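Let me begin by presenting the structure, written as structure tokens, before commenting on it.
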């Protein structure tokens with residue numbers, strides 16, 4: 117299926133057509149695609165987007181996120197602009213989703229809700245893969261004191277985050293914030309000239325986490341760290357960090 121519509125209805129029509137056929141691949145041409153509500157890409161579907169296909173959010177809409185991906189998404193340019201809207205995430209990756217060779221850039225999200233926790237990409241699936249993407253020039257902030265993150269992995273999820281580039285991003289609490297109790301690999305990623313409030317990689321739990329071969333060269337900020345481990349609550353025990361390996365990273 118070849119996408120020609122410039123909004124979420126066109127994506128939904130393509131998804132419905134492919135689901136009826138038992139799955140398949142659709143192609144997104146160069147252009148700007150504006151979503152007012154969430155589109156779900158099922159596990160049966162692969163999306164291949166032109167590098168000049170720009171996916172953005174219509175600010176008059178009110179989805180919690182613009183995409184939930186359970187299948188495979190390759191390519192495209194995502195611009196996570198939200199202004200003061202309370203998005204929980206721009207993209208949610210569930211199941212065994214794959215996000216690869218995409219650019220998430222030129223984003224600006226700001227909110228005044230103090231309880232607001234935002235992530236550009238939220239990982240909720242047990243076996244998500246995030247490969248060779250570029251997170252560039254995003255300004256993610258919360259005037260109300262929340263904790264916006266570039267990537268957030270929730271409890272129970274597992275993921276591989278390999279070969280991605282994070283450059284010139286600012287004001288998020290962390291680059292990668294992981295509560296995952298699944299198998300996690302964070303490897304061969306490049307963090308260049310970012311300004312995070314807490315740390316580049318923040319780990320709350322681990323039952324088999326490998327952090328290896330990453331290059332972290334961010335802007336200095338008092339109180340921040342390259343890799344930071346903290347239990348999620350005062351009563352958590354050391355066992356929360358079983359199976360954690362950190363090796364061959366460059367700072």
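In our numbering, the protein residues as written are 117 to 367.
Glycine residues also receive a C-beta, built at the ideal position from the N, C-alpha and C atoms.
Note that the coordinates shown come from a computational prediction; the quantities given were computed from them, not determined experimentally.
Counting only the same chain and skipping the five closest in sequence on each side, list residues whose C-beta sits under 6 Å from that of residue 145. 166
Measure how close the beta-carbons of residue 236 and residue 221 come, nearest whole angstrom, since I'm counting them as under 8 Å. Actually they do not touch by this definition, with Cβ atoms about 10 Å apart.
Please classify residue 141: is it buried, with 16 or more other beta-carbons within 10 angstroms of its beta-carbon, or exposed? exposed
So, are the CB atoms of residue 209 and residue 187 less than 8 Å apart? no
Per DSSP, the bridge partner or partners of residue 250: 219 and 281
Spatial neighbours of residue 363 within its chain, please: C-beta separation below 7 Å, excluding the five flanking residues on both sides. 328
What whole-angstrom Cβ distance do residue 268 and residue 291 have, given they're in contact under 8 Å? The pair is not a contact, with the Cβ atoms about 10 Å apart (cut-off 8 Å).
Which partner residues does residue 172 have in the DSSP bridge list? 150 and 195
When the Cα atoms are used, what is the spatial distance from residue 299 to residue 132? 32 Å
Return the CA-CA distance between residue 252 and residue 139, expressed in angstroms with no decimal places. 32 Å
Considering only their Cβ atoms, is the gap separating residue 275 from residue 244 smaller than 8 Å? yes
Is the Cβ-Cβ distance between residue 342 and residue 326 less than 8 Å? no
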